[in-house]
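Here is the structure we will look at, set down as structure tokens.
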Amino acid sequence: MIAFAGASILYDTSNVLHHYPRDRYVGAALELFASVALMFWYVLRLLMSRD
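When we follow my numbering, the leftmost residue of the sequence shown carries the number 712, and every step to the right adds one.
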């Protein structure tokens, strides 16, 4: 799932760069933040399951 989340970050970054107009920066930032938060959640779950 971590690899999938990484791929999702790359896809969302490409989507923001190529399809978002310049005046919709808040939505673009929220989309990227959600992708990074998802990756953080999966990394955190992996580290917590090792105990």
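Glycine is no exception: its CB is placed at the ideal position from the N, C-alpha and C atoms.
Where does residue i land, buried or exposed, given buried means 16+ other C-beta within 10 angstroms?
i, result
"Ser-725", "exposed"
In whole angstroms, what is the alpha-carbon distance linking residue i and residue j?
i, j, result
"Asp-723", "Asp-734", "17 angstroms"
"Ala-716", "Trp-752", "10 angstroms"
"Ile-713", "Ser-760", "14 angstroms"
"Leu-755", "His-729", "31 angstroms"
"Val-727", "Leu-758", "30 angstroms"
"Met-750", "Leu-743", "11 angstroms"
"Tyr-736", "Ser-746", "15 angstroms"
Hey, quick one: how far does the alpha helix (DSSP H) through residue i stretch, first residue to last?
i, result
"Tyr-722", "713–730"
Between residue i and the ligand ATP, is there a pair consisting of the residue's CB and a ligand heavy atom that are separated by less than 7 angstroms?
i, result
"Val-737", "Among the components modelled here there is no ligand, and therefore nothing to report on the ligand ATP."
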